[in-house]
Amino acid sequence: MAEKTQQSESAPEKAAPVLHVAPSPHLSSTDLTTRRMMIDVLIALAPVVAMALYVFQMYAVKQLLICVGSCLAAEALFTRMRGRDLTLNDYSVSVTGVILALSLPGTAPWYVGFIASFAAVGIGKTLFGGLGMNIFNPAMVGRAFVMIAFATALGASGYHDPAAAVDAVTQATPMDVYKQSGVVAPLWDLFFGFTNGSLGETSALACIIGGIYLCFRRTASWEIPVGVIGAVAVLAGIGNLMNPGSDWTVLHHLAGGSLLFGAFFIATDPVSSPLTPRGKLIFGAGVGALIMLLRAYSGYPEGVMFAVLLMNSVTPLINRWTIPRPLGAVTA
Amino acid sequence: MALFFKGSAGGGTFPRGVHPPEWKTYSEDAAIEVVPPPRKVMLPLLQNVGAPSKPIVKPKAMVAFGEKVADGGAFVSAPLHAPIAGKVLKTGVTTLANGRHVSAIPIKADGDQLSGQALYDEILGGEWPKDGFEKFDIQEIVDAIQGAGIVGLGGAAFPTHVKYVPNEKKPIHTVLINGCECEPYLTSDYRLMLEAPEAIVSGALVAGRVTGAKEIFIGIEDNKPKAVEALRKAAAGTSIQVAVLKTKYPQGSEKQLILALTGKKVPVGGLPLDVGIAVSNVGTATAMARAVLRGKPLTHRVVTVTGGGITNPKNLLAPIGIPLGELIDFCGGLTDDAARMISGGPMMGFSFTDLNSPVTKGTSGVTILTAAEVKKAEETTCVRCGRCVDVCPMNLVPTKLALASRHKDIELAKRYNIMACFECGSCAYICPASIPLVQLVRTGKAVVIADSKK
Chain A
1 MAEKTQQSES APEKAAPVLH VAPSPHLSST DLTTRRMMID VLIALAPVVA MALYVFQMYA
61 VKQLLICVGS CLAAEALFTR MRGRDLTLND YSVSVTGVIL ALSLPGTAPW YVGFIASFAA
121 VGIGKTLFGG LGMNIFNPAM VGRAFVMIAF ATALGASGYH DPAAAVDAVT QATPMDVYKQ
181 SGVVAPLWDL FFGFTNGSLG ETSALACIIG GIYLCFRRTA SWEIPVGVIG AVAVLAGIGN
241 LMNPGSDWTV LHHLAGGSLL FGAFFIATDP VSSPLTPRGK LIFGAGVGAL IMLLRAYSGY
301 PEGVMFAVLL MNSVTPLINR WTIPRPLGAV TA
Chain B
1 MALFFKGSAG GGTFPRGVHP PEWKTYSEDA AIEVVPPPRK VMLPLLQNVG APSKPIVKPK
61 AMVAFGEKVA DGGAFVSAPL HAPIAGKVLK TGVTTLANGR HVSAIPIKAD GDQLSGQALY
121 DEILGGEWPK DGFEKFDIQE IVDAIQGAGI VGLGGAAFPT HVKYVPNEKK PIHTVLINGC
181 ECEPYLTSDY RLMLEAPEAI VSGALVAGRV TGAKEIFIGI EDNKPKAVEA LRKAAAGTSI
241 QVAVLKTKYP QGSEKQLILA LTGKKVPVGG LPLDVGIAVS NVGTATAMAR AVLRGKPLTH
301 RVVTVTGGGI TNPKNLLAPI GIPLGELIDF CGGLTDDAAR MISGGPMMGF SFTDLNSPVT
361 KGTSGVTILT AAEVKKAEET TCVRCGRCVD VCPMNLVPTK LALASRHKDI ELAKRYNIMA
421 CFECGSCAYI CPASIPLVQL VRTGKAVVIA DSKK
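Protein chains in written order, with this note's numbering: chain A, 1 to 332; chain B, 1 to 454.
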């Protein structure tokens, strides 16, 4: 009996290899996963978040906690409502939350961030079928929603609170000051970020550091920021040439407002931007051109959000225009 | 490495592609070993692109080593020859490694067999001339290649004579001998280049003679400097140029190789012939040399048996028709953690289950991967990151093709040129969401083809 048991124990060990079949290729690159890409975005956002915390202190802490928390809660609620498995571990919702928080003014009341988060995840993403299916950048959908719903809180005046304990918040935003009175903020302040504004947009330097990391990791496609910045530089340059007296130079256009934050972190959302390198360049240039149009002619001092949303809507069209020609395509 | 071939019009590489771990180390230093003659072989009647071969022997007939047992069934087809001496059995059915069931001629070993060093010398040894090819008549060469049953040994198994038949409308000006072996793990071409470079050079010169090509290149990736050296030495004094290419997958794909070396683009759906080029693998070149110079048919080929799942990785000189299982046994069997058996390399090979599946003319290797090697992350949704677009050597948009395939959207699939895909696997390899892009493209292609036949 004992002998028999031993035999049956050793037999399956000998037959150990379990063979599978699967379609080729049988190797897969393991160094990149969707989750890793999202973590990359969070890493790239670190300098921006750090700068926001330094400049806006408690305002930034509050807004980040509200937005990330609400986004996660919204995702949990909506995926449950759809009867899907919860996918918080891919970090994509956290990315939406952080970007949303960084695009809002620190002074906005708690319910603004809360409602923006639910609009971002609900209307921006879940409604279209979840991650990968949305047409518009979810964070920008959330922001657009509250921008219209709470026009005062997100209007230029909503940004500053003369009684605030934090220095930056006591001033109006540089974009607004310029729009209203033509007074130009010192370039260095815009570059380092010691000005008022949305939490993540003030420091050009932090956005550039994070953005370069993203492009270097190829988590963001360099074509998009190059397109955005290139278009803004060209159009602002033409503006400068036509209006040589203006003190708001090309560099002010580039470092001011949320241009760099938008170029590196918002426009580069892969889901809502085109697929091919050429398409990405067109998309970026379109965003840049629309930003300049909105800055120059709209009632708002800044136009990044609307520019990105508008270009998101033409992404399918750009994809269709930029179907690459296969190698050896026969010329028609 | 300063070995890059500066003169090539294509710059020595192609755009995009991937660089998977090479893993040539398992078997690159293992000299080609001769597999002992099997007791029985199964010769599938369909081993080539095109029409199946037609048997010309009756059951119970005795055949000698190298005797023809089947004729080509059409122009695009190839004859078959007995790789062992023996007795023909009743025609049966065998399962190829790619899952296809095809008729096959079984031959049971009977009588004295050529084996060991004698067989090696018979196939690869001896003197291989570097000149005097002018004396061969062009039609004579084509007939010899066709008669020897040679097909592309790189894996595609396209009947070789078809490429070399004189074509007045589309003359060949360049011959490319493909020694890239860009598939990870495989080393059969590499060992052949080290051990029989003279045979490859002879074969290249045969190809040069039959086409009247002005230029003959042998293309090798820069991760095989020893092979480059061996072939440069062997080709010294001839018109052959040994070109070094960047190590990148799929450098050894015909269209990519042509682009890398000549800068020419083979039209979608076309053949290298359309741009005046003939491409043959190094193994095919040796078979051509042997057929033309010695009048011997294709009966054996070099097969790499490799991967983490095989006990002793080896490069083997194996008879066509030998069961894959016998090669695995000869290499010490599977290890305990073997998880997948692949005929070919890991990027484009087929996983098989039947150990009786025979080696065919297109079998370049048997790769046995372990569970750790085939480990794949769970499939997640596409976030349209565009990595697949960045690597596609054909400049396609794989994620759109996959979408079209999932929705059976023939219009979308065609708009994104689904038929231009040759399933190299670069997209599925790189995909951060682990989407089975190649498999989806395959089903998509099938839907498109079915629709066009309606």
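Even glycine gets a Cβ: it sits at the ideal position worked out from N, Cα and C.
Are there three or more Cβ pairs, one per stretch, closer than 8 Å when the stretch 163-170 of chain A is compared with the stretch 119-133 of chain A? no
Mind checking which residues open and close the alpha helix (DSSP H) that includes residue 252(A)? 250-255
Could you pull out every residue in the same chain whose Cβ sits closer than 7 Å to the Cβ of residue 60(B), ignoring the five residues on either side in sequence? 87, 88
Please determine, among 264(B), 180(B), 158(B), the residue with the shortest C-alpha to C-alpha distance to residue 223(B). 180(B)
Rounded to the nearest angstrom, what separates residue 284(B) and residue 453(B) at their Cα positions? 34 Å
Do you know how far the Cα of residue 27(B) is from the Cα of residue 199(A)? Across the structure, residue 199(A) and residue 27(B) are spaced so that their CA atoms are roughly 57 Å apart.
Residues bridged to residue 249(B) by DSSP? 18(B)
Looking at chain B, is there any beta carbon in it that lies within less than 7 Å of the beta carbon of residue 33(A)? yes
Would you mind telling me which residues of chain B sit closer than 7 Å to residue 311(A), beta carbon to beta carbon, in chain order? Here the premise fails: no neighbours, minimum Cβ distance about 15 Å.
Which residues in chain A sit within 7 Å of residue 434(B), going by Cβ to Cβ distance? What residue 434(B) touches in chain A: 28.
Leaving aside the five residues before and after residue 228(B) along the sequence, list all residues of the same chain whose C-beta is less than 7 Å from its C-beta, in chain order. 3, 220, 242, 244
Indicate whether residue 225(A) and residue 264(A) have their beta-carbon atoms separated by less than 7 Å. yes
Apart from the five residues on each side of it in sequence, which residues of its chain come closer than 7 Å, Cβ to Cβ, to residue 138(B)? 166, 210
Would you decide whether residue 239(B) is buried or exposed? Buried here means 16 or more other CB atoms lie within 10 Å of its CB. exposed
Burial state of residue 435(B), where buried means 16 or more other Cβ atoms lie within 10 Å: buried
Output yes or no for whether 7 Å exceeds the beta carbon distance between residue 25(A) and residue 371(B). no
DSSP has residue 103(B) in a bridge; who is on the other side? 93(B)
With the cut-off set at 7 Å, would you say residue 318(A) and residue 282(A) are in Cβ contact? yes
Mind checking who residue 318(B) pairs with in its DSSP beta bridge? 301(B)
Same chain only: Cβ atoms within 7 Å of residue 388(B), ignoring 5 sequence neighbours per side: The beta carbon of residue 388(B) is closer than 7 Å to those of 398, 399, 427, 430, 431, 437 in its chain, skipping five residues each way along the sequence.
Span of the alpha helix (DSSP H) holding residue 291(B)? 282-294
In the DSSP assignment, what residue or residues form a beta bridge with residue 71(B)? 54(B)
Going by C-alpha distance, which of 184(B), 386(B), 276(B) is nearest residue 305(B)? 184(B)
When you compare the CB positions of residue 83(B) and residue 68(B), do they come within less than 7 Å of one another, or not? no
Contact between the stretch 59-72 of chain A and the stretch 108-119 of chain A (3+ Cβ pairs under 8 Å): Contact holds between the stretch 59-72 of chain A and the stretch 108-119 of chain A, because three or more Cβ pairs, one in each stretch, are under 8 Å apart.
Residue 439(B) touches chain A at which residues, Cβ-Cβ below 8 Å? 23
Please list, in chain order, the chain A residues whose beta carbon lies closer than 7 Å to that of residue 255(B). Close to residue 255(B), with beta-carbon spacing below 7 Å, are these residues of chain A in chain order: 327, 328.
Among 147(A), 93(A), 139(A), 325(A), whose alpha-carbon lies nearest the alpha-carbon of residue 35(A)? Comparing alpha carbon positions, the residue from 147(A), 93(A), 139(A), 325(A) closest to residue 35(A) is 93(A).
I think residue 272(B) touches residue 231(B), with their Cβ atoms under 8 Å apart; what is that distance to the nearest whole Å? The Cβ separation is near 21 Å, so there is no contact.
What are the residues in the stretch 213-238 of chain A lying within 7 Å of chain B by C-beta distance? 221
Hey, does residue 170(B) have any beta-carbon neighbour from chain A nearer than 7 Å? no
Note down the Cα distance separating residue 293(A) from residue 277(B), rounded to an integer number of angstroms. 53 Å
Name the residues in the stretch 269-283 of chain A whose C-beta lies less than 7 Å from a C-beta of chain B; which are they? 270, 271, 275, 276
Residues in the stretch 294-323 of chain A with C-beta within 7 Å of chain B's C-beta atoms, listed in sequence order? 323
Could you spell out the range, first to last residue, of the alpha helix (DSSP H) harbouring residue 440(B)? Element bounds for residue 440(B): 437-453.
Mind checking residue 190(B): buried by the 16 CB within 10 Å criterion, or exposed? buried
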